[in-house]
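Each protein sequence line maps, in turn, to chains A and B. With the first letter of the first sequence counted as 1, position 239 gets the number 238 in numbering that gives the first Met the number 0; the numbers rise by one all the way through. With the first letter of the second sequence counted as 1, position 18 gets the number 17 in numbering that gives the first Met the number 0; the numbers rise by one all the way through. Note that the Cβ used here is the ideal one computed from N, Cα and C, for glycine as well. Source: prediction; values computed, not measured. Below: the structure, in structure tokens.
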Amino acid sequence: MNAQIALILGQDGITNGAIYALLALSILLVFTVTRVLFIPQGEFVAFGALTMAAIQAGRPVLLVWLLLAFALAEAAADLIARAKRPGRARGLWRIAAKVIYPLVIAALLYKLPLAQLPMAVQALLTLLLVVPMGPQLYRLFYQPIASASTLVLLIVSIAVHLALVGLGLLAFGAEGARTAPFSDASLALGPININSQALWVVAVSAVLIVVLYQFFERSMYGKALRAAAFNRLGARLMGISPIFAGRATFFLAALIGTVSGILIAPITTMYFDSGFMVSLKGFVGAIIGGLVSYPLAAAGAILVGLIEAFSSFWASAYKEIIVFTLIIPVLLWRSLKSHHVEEEDE
Amino acid sequence: MLSKKLPLAAAAAVAALFALPALAQVKVGVVTSSTGPTALVGIPQKNTVPLLPKKIGDLTVEYISLDDASDSTNSVTAFKKLISEQNVDALIGPSGSPNAMGVIQFAAEAGVPMLAPVGTAAVVLPMNEQKKWVFKTTQNDDIIARALVDHMVKTGIKTVGFIGLNDPYGENWSKVFTALATEKGIKVTANERYLRFDSSVTGQALKILAAKPDAVLVAAPGAASVLPQTTLFDQGYKGKFYQTHGAALPDFLKLGGKKVEGTVLAASLMLVLPEMPDSNPSKKVATDYIAAYEKLNGSKPATFGANVYDAGLLLEKAVPLAEKAGKPGTKEFRSALRDALEQTKELVGTQGVYNMSAADHSGFDDRGRELITVKDGNWTLVK
């Protein structure tokens with residue numbers, strides 16, 4: 000081990016850590032606002048990466064039919080809810096729009112010369128296709144049981160995760176894929192070469208984190224979400240709809256997941272089931288932050304990335320064990336530090 | 000209504016008339032992983048089932064195909080179901096190596112011969128009372144490894160870095176390859192592990208680079224074999240790359256692109272079929288299989304499908320011998336079927352020639368593999 004190797008490993012760890020940090024933040028966000036431990040977060044990473052790869056290969060993306068199926072189910076659920084509470088005339092156009100949207104995306108995917116499009120447009124198409132699934136998942140699986148216990152929500156999360164992995168296999172096939180890098184250049188910095196894709200990852204992650212911070216600190220919507228996270232009942236009394244808060248959070252989570260997927264697809268081969276491991280490492284980061292603190296979660300996730308990189312050098316066979324064992328001292332420290340609170344409300 | 004029913008009844012009567020003397024039927028259970036992480040292997044295997052022989056001598060063969068979703072527990076359930084409910088005479092499958100390891104004892108307890116189209120040699124080695132019932136329709140790792148080591152010796156390679164998956168596949172390759180290489184005076188200077196879904200193998204690659212080996216061997220099945228090689232390539236490694244037969248897939252070329260040019264691997268002749276001389280006995284069998292598969296499924300089969308096809312060929316040869324010992328569905332038949340499989344001699348399969356013996360239940364020799372390299376984005380035979 001010399002300085003050069005340490006630098007390369009550090010760069011590698013920070014690149015991966017940046018992705019884990021994004022995922023840690025969105026897991027934290029979803030948990031605080033809706034009390035859902037969002038295990039399918041990783042699927043958005045895989046879907047984003049694989050959709051991008053499918054678009055670059057010029058293959059129409061089968062995932063759009065899943066989007067349509069979700070939209071139809073959502074429209075049906077909305078119509079039933081309307082029938083139960085008659086008297087509101089408006090809203091029909093909204094339901095119609097929900098169904099028309101996936102059809103428009105499908106038409107775009109099947110008509111456009113996908114492989115020849117500029118990369119930014121390909122990425123935009125990927126986002127347009129994958130991100131709406133976040134709110135859809137919330138509407139279909141979590142909204143009906145929003146007041147259930149954390150355990151029930153967790154069980155539903157696991158079920159949704161397993162179902163999405165299966166659907167991912169169906170849509171993308173068993174083999175992995177990778178995409179073209181955003182740019183080919185590499186930067187010589189002292190003794191090491193920095194891959195420009197790594198810079199993209201770190202830069203985009205940093206920008207996203209700053210934008211999220213601004214959104215939560217400055218904007219009305221962000222403040223509303225924070226209020227819902229802090230005290231659901233109180234927020235509701237203040238006129239903040241928990242349904243809106245849920246949908247918005249899931250939208251953000253899906254957006255972050257898909258962006259992460261698009262970012263790492265050129266660096267590594269993604270499989271239909273590789274999202275889980277990535278999000279699990281984000282989860283470890285979120286745990287380090289105690290599932291409450293955003294900056295601690297982000298720092299924890301970067302730490303996970305660094306530990307992963309260095310342990311892959313020293314003891315590659317035990318890498319995963321080292322990374323996941325990290326959680327034990329953290330939990331111990333947390334349990335020693337915090338006072339035991341008697342069962343509160345509920 | 001009568002007009003509709005009449006031909007049906009007539010057909011049934013005729014069928015019954017002809018079927019009566021040949022009612023005896025062999026039942027074969029097939030378990031593949033057509034869903035889940037091993038689906039890449041399992042799908043071509045499942046698609047091959049309709050191509051297996053439907054009639055052997057006077058006997059009709061019925062195939063009962065189940066999916067284990069790549070889950071070892073499901074493989075066991077499927078095997079138990081086939082054995083106790085369907086009373087099968089032989090089993091083909093499962094697709095995954097760990098799955099196969101888990102079901103051996105159940106096949107052996109019931110005394111049903113099992114034809115495993117899996118990679119790991121551990122299903123038939125070391126031979127014992129249970130593995131006696133297992134036959135393996137793929138090349139053992141050591142046959143492939145020997146071809147690679149021979150090539151290394153010939154091209155003057157003295158040191159090799161090894162990087163393999165952190166699972167039985169990588170572990171077994173590390174063991175087999177290290178032993179063979181040491182025997183020939185080649186030193187394994189780095190031995191690293193990684194996971195299929197790792198997003199980066201930079202650490203391992205640096206360790207290998209630091210050891211400065213003449214060549215690197217990557218041991219991983221499927222697309223996972225690409226990442227270590229591209230990472231090393233990007234970090235400026237200039238030595239020779241070797242891959243195992245697990246990399247012998249179109250995806251390896253697609254994902255690797257220019258970075259895998261010149262890689263050497265030993266694998267089934269199916270990859271370079273047009274280049275094979277007609278004198279090679281397997282060429283015709285393999286060509287026929289590929290043509291039939293393409294006609295049925297509209298796509299080219301991966302080599303994994305051929306391993307199930309070979310199981311059919313083995314049964315075709317063994318069932319007539321077993322029939323002499325007893326009727327299908329009886330214990331005598333199954334045990335005789337096992338004995339007959341063990342006596343298979345010079346049977347030409349899609350990927351080589353089988354010569355089974357009590358000690359060797361895989362039966363391939365050097366005709367079971369070819370040295371192949373990547374040239375201009377295609378597989379070519381090493382001349």
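In three-state terms, what does DSSP make of residue i?
i      : result
M269/A : strand
M113/B : strand
Q213/A : helix
V121/A : One point to set straight first is that residue 121/A is Gln, not Val, in the sequence displayed. Here Q121/A sits in helix by DSSP.
S25/A  : helix
L147/B : helix
I103/B : helix
G163/B : strand
T188/B : strand
A187/A : strand
A383/B : Chain B is shown only over 0 to 382; residue 383/B falls outside these bounds and no answer can be derived.
T37/B  : coil
A89/B  : strand
S64/B  : strand
I18/A  : helix
K396/B : The displayed coordinates of chain B run from 0 to 382. Any statement about residue 396/B would go beyond what the structure contains.
K382/B : coil
V60/A  : coil
Y236/B : coil
I156/B : coil
F134/B : strand
L312/B : helix
G28/B  : strand
Between the C-alpha atoms of residue i and residue j, what's the straight-line distance to the nearest angstrom?
i      : j      : result
I413/B : G325/B : This structure gives no information on residue 413/B, because the portion of chain B shown stretches from 0 to 382.
F243/A : G221/A : 12 Å
F312/A : A105/A : 45 Å
L384/A : M276/A : Residue 384/A lies beyond the residue range present for chain A, which begins at 0 and ends at 345; the question has no answer from this structure.
A264/A : A17/A  : 14 Å
L39/B  : I38/A  : 25 Å
G351/A : W199/A : With chain A represented from 0 up to 345, any question about residue 351/A goes unanswered, as that position is not in the structure.
K283/B : L340/B : 22 Å
N98/B  : L325/A : 31 Å
G297/B : L147/B : 34 Å
I289/B : P49/B  : 13 Å
L207/A : L24/A  : 10 Å
A158/A : L51/B  : 37 Å
A228/A : V175/B : 56 Å
G362/B : V373/B : 28 Å
I99/A  : F282/A : 35 Å
V35/A  : I154/A : 10 Å
D277/B : K330/B : 42 Å
N73/B  : A95/A  : 43 Å
N354/B : M269/A : 40 Å
E345/A : V29/A  : For E345/A, the predicted structure reports a pLDDT of 43, less than 50, and the residue's modelled location is therefore unreliable. The matter cannot be settled from this model.
E61/B  : Q24/B  : 7 Å
V203/A : L164/B : 31 Å
Should residue i and residue j be called a contact, given that it needs their Cβ atoms to be closer than 9 Å?
i      : j      : result
G256/A : G47/A  : yes
G202/B : L8/A   : yes
T125/A : T50/A  : yes
K280/A : Y19/A  : yes
R58/A  : L113/A : yes
A184/A : S195/A : yes
D359/B : V123/B : yes
A189/B : G160/B : yes
Y141/A : F43/A  : no
A247/B : L231/B : no
S281/B : V381/B : no
S71/B  : S94/B  : no
Query raised in the report: What residues in the region 267–278 of chain A have a beta carbon less than 7 Å from any beta carbon of chain B?
Result: For the region 267–278 of chain A, the beta-carbon criterion of a distance under 7 Å to any beta-carbon of chain B is satisfied by T267, T268, Y270, D272, S273, M276 and V277.
**Report entry** Members of the region 187–218 of chain B that neighbour chain A once the beta carbon cut-off is set at 8 Å
**Finding:** E191, R192, Y193, L194, R195, F196, D197, S198, S199, V200, T201, G202, Q203, L205, K206 and A209
Query raised in the report: Between the region 169–185 of chain A and chain B, which residues of the former have CB atoms less than 7 Å from a CB of the latter, in chain order?
Result: A173, E174, G175 and R177
Query raised in the report: Got a sec: which bits of the region 247–259 of chain B sit with their beta carbon under 7 Å from any beta carbon on chain A, in order along the chain?
Result: D250 and L254: these are the residues of the region 247–259 of chain B whose beta carbon lies less than 7 Å from some beta carbon of chain A, given in chain order.
Query raised in the report: Which of the residues in the region 294–319 of chain B, read from start to end, lie with their CB under 8 Å from any CB of chain A?
Result: none
Query raised in the report: For the region 33–58 of chain A, which segments carrying the alpha helix (DSSP H) assignment without a break, of at least 4 residues, lie completely within its bounds, in sequence order?
Result: Runs of the alpha helix (DSSP H) inside the region 33–58 of chain A: 40–55.
Requested in this report: Tell me the start and end of each unbroken beta strand (DSSP E) in the region 238–303 of chain B that is at least 3 residues and wholly inside, in chain order.
Outcome: 239–242 and 263–266
Query raised in the report: Mind pulling the beta strand (DSSP E) runs of 3 or more residues that sit fully within the region 197–232 of chain B?
Result: 214–218
Query raised in the report: In chain order, which continuous runs of the alpha helix (DSSP H) of length 4 or greater are located wholly inside the region 225–277 of chain A?
Result: 231–236 and 241–263
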